[in-house]
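Converting from the sequence shown to the working numbering requires adding 72 to each position, the first position being numbered 1. Even glycine gets a Cβ: it sits at the ideal position worked out from N, Cα and C. The structure displayed is predicted, hence computed values, not measured ones.
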Amino acid sequence: MSRGIDYGNLMHTAMRGLIKTVLGDVEHKGLPGAHHFFITFDTRHPDVGLADWLSDRYPGEMTIVVQHWYENLHVDDDGFSITLNFGDTPEPLYIPFDAIKTFVDPSVEFGLRFESPDADETDDVDEDEEDDEERHSDAEVVSLDSFRKH
73 MSRGIDYGNL MHTAMRGLIK TVLGDVEHKG LPGAHHFFIT FDTRHPDVGL ADWLSDRYPG
133 EMTIVVQHWY ENLHVDDDGF SITLNFGDTP EPLYIPFDAI KTFVDPSVEF GLRFESPDAD
193 ETDDVDEDEE DDEERHSDAE VVSLDSFRKH
């Protein structure tokens with residue numbers, strides 16, 4: 073039986089650890105300078121905690137902005153809780169790290185994207201025929217163009 077190295081899973085773990093470290097620092101010290109985050113997450117994840125009206129409004133995914141107004145940021149081993157303002161209504165959220173799809177800090181042009189495992193599967197393509205650059209990875213840098221205001 074041959075054993076391989078699961079680089080995709082290792083990359084996921086490392087990148088989610090980076091997010092945990094960054095948010096933990098913000099929890100204790102606040103956001104430094106112009107830093108702010110766009111965090112997109114899967115609202116269907118079983119451990120996501122959000123108000124029913126938000127899950128109804130965002131049935132698949134939701135992007136939050138952590139910038140000017142947030143309260144009660146708390147980071148634990150599995151995710152983070154935060155209270156954000158939605159139309160002058162404070163709402164508490166809990167977001168597990170493994171529900172995060174993208175994490176972007178546009179102030180320094182940094183971003184991560186987490187692909188779902190089934191996004192990597194290809195039915196009709198022989199792996200030997202794919203170029204290495206075209207293969208999907210489990211975590212990658214995100215283009216910030218989709219987050220820029222035009």
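{"Asked": "Would you mind sorting D149 into buried or exposed? The rule is 16 or more other CB atoms within 10 Å of its CB.", "Found": "exposed"}
{"Asked": "Quick one: grab the DSSP three-state call for R116.", "Found": "coil"}
{"Asked": "P178 by DSSP, collapsed to three states: which one?", "Found": "helix"}
{"Asked": "For the candidate residues P168, F182, D177, whose alpha-carbon lies nearest to that of P118?", "Found": "P168"}
{"Asked": "What's the call for H84, buried or exposed, on a 16-neighbour Cβ count within 10 Å?", "Found": "buried"}
{"Asked": "Pick out whichever of K173, P178, Y142 has its Cα sitting closest to the Cα of T161.", "Found": "Y142"}
{"Asked": "Please list the terminal residues of the continuous alpha helix (DSSP H) segment that includes E133.", "Found": "E133 -> not in any alpha helix (DSSP H); beta strand (DSSP E) instead, spanning 133–138."}
{"Asked": "Suppose you measure from the CA of D170 to the CA of R185; what does that come to, to the nearest Å?", "Found": "12 Å"}
{"Asked": "So, under 8 Å CB-CB, K92 and V180 are touching, yes? Tell me the CB distance rounded to an integer number of Å.", "Found": "18 Å between Cβ atoms; not a contact."}
{"Asked": "Which of the three DSSP states is assigned to L184 in this structure?", "Found": "strand"}
{"Asked": "CA-CA distance, L122 and Y79?", "Found": "32 Å"}
{"Asked": "Look up L145 in the DSSP assignment and say whether it is helix, strand or coil.", "Found": "strand"}
{"Asked": "Residues bridged to G151 by DSSP?", "Found": "P168"}
{"Asked": "Let me check one thing: in DSSP terms, what residues is T161 bridge-paired to?", "Found": "F158"}
{"Asked": "Taking the beta carbon of I172 as the centre, do at least 16 other beta carbons fall within 10 Å, making it buried, or is it exposed?", "Found": "buried"}
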